[in-house]
């Protein structure tokens, strides 16, 4: 009977030592669980198409891309070779392509970088145009698109170049911040 | 020159603001517009173009300077603090130390109106009944005889 008691005592010492060792040197229980980490990607898409529809069921925009990564903790989304097609205010199709698009967190600003090209189909009241620049920042809260890089507009009416650009989608106003050079074809 | 209007319009400026809803464009800072032989220099030029049709061009400067070569080869120059061109009416208004020169001939006044359609030129400040005429509104003209003494 005494031996069993001695055996149980030794066993309990061993268990206590193992648990203590686990706590001190290896991982705490909390770290053992799947806690969110800054760089952990929770989902990844490849050669994807995403369509957002509005309440009436029509398409708000269509987004294609070569790769998309979404980071668990921050909600950051990174898209390689994005291609966005949407309707502009006057109902015409606008296409935006770039090498990369990055949104640091949900509902945060979206940065397009690398050969950004915006193309808009023309209407009777506003001509077709293309806008090319190195990068473009879209702020969804202020509905403001801007860049500090060189920018060029091309349309049938002519060419407009400059450095730095801002446009407010609500005010339908566009500003080129410096170094403006425009050439318009004669109308007669 | 007659064919200036067929030439492309080149505009250089520090900044530009386009407002599609209100139909205007404002070029500011060292603004230079060139179309063929026509050149305009100002610090701000506003183009009103509702429904994409240019209605007026307003230039401000200290002063605004412009020049254009006439079909006879003479160079016409002008300057004023405020220059407005109404496109449909083809009417040019110069206000504030306005001056028009062609070779040595010179015409100056506080206010000059010129019709590019008819070539009619009016200058000076209109006389207002019951108001003393403004001395600054005087018109000055210098014409050099073109025929030499025989």
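Residue numbers (the working numbering), protein chains in the order written: chain G, 1042 to 1229; chain W, 8 to 157.
Glycine residues also receive a C-beta, built at the ideal position from the N, C-alpha and C atoms.
- Under the rule that a run must span 3 or more residues, the beta strand (DSSP E) segments found entirely inside the region 74 to 107 of chain W read 82 to 93.
- Of 58(W), 51(W) and 129(W), the smallest CA-CA separation from residue 26(W) is found for 58(W).
- Residue 76(W) has a beta carbon lying at 8 Å or more from every beta carbon in chain G.
- Under the Cβ distance rule, residue 95(W) does not count among the residues neighbouring chain G, no pair being separated by less than 8 Å.
- Of the candidates 73(W), 60(W), 102(W) and 84(W), the residue whose Cα lies closest to the Cα of residue 30(W) is 60(W).
- Residue 1144(G) counts as buried, since at least 16 other C-beta atoms from the protein chains shown sit within 10 angstroms of its C-beta.
- Taken in chain order, the whole beta strand (DSSP E) runs of length 3 or more contained in the region 1115 to 1187 of chain G are 1118 to 1121, 1124 to 1128, 1134 to 1138, 1141 to 1144, 1151 to 1161 and 1170 to 1180.
- DSSP, read as helix, strand or coil, puts residue 1190(G) in strand.
- Along the region 14 to 33 of chain W, going in chain order, the ones with a CB nearer than 7 Å to a CB of chain G are 14, 15, 16, 17, 18, 19, 20, 21, 22, 23, 24, 25, 26, 27 and 28.
- Counting C-beta atoms within 10 angstroms of its own C-beta, residue 1050(G) has fewer than 16 neighbours from the protein chains shown and is therefore classed as exposed.
- Taking CB atoms only, residue 12(W) has a neighbour in chain G less than 8 Å away.
- Taking a Cβ-Cβ cut-off of 7 Å, the neighbours of residue 1219(G) in chain W comprise 21 and 22, given in sequence order.
- Residue 60(W) sits in coil when the DSSP states are folded into three classes, being neither helix nor strand.
- Assigned with DSSP and collapsed to three states, residue 1095(G) falls in coil, not helix or strand.
- Pairing residue 131(W) with residue 146(W), the inter-Cα distance amounts to about 6 Å.
- Here the alpha carbons of residue 1113(G) and residue 1223(G) stand approximately 46 Å from one another.
- Beyond the five residues adjoining it in sequence on each side, residue 1136(G) comes within less than 6 Å, by CB distance, of 1126 and 1160 in the same chain, given in chain order.
- For residue 17(W), the enclosing beta strand (DSSP E) stretches over residues 16 to 20.
- With respect to the 8 Å criterion, residue 1190(G) and residue 1208(G) are not classified as neighbours on the basis of their beta carbons.
- Listed along chain W are 15 and 16, each with a C-beta nearer than 9 Å to that of residue 1226(G).
- Any Cβ of chain W closer than 8 Å to the Cβ of residue 1175(G) would place that residue at the interface, and such an atom is absent.
- Annotated three-state conformation of residue 1054(G) is helix, per DSSP.
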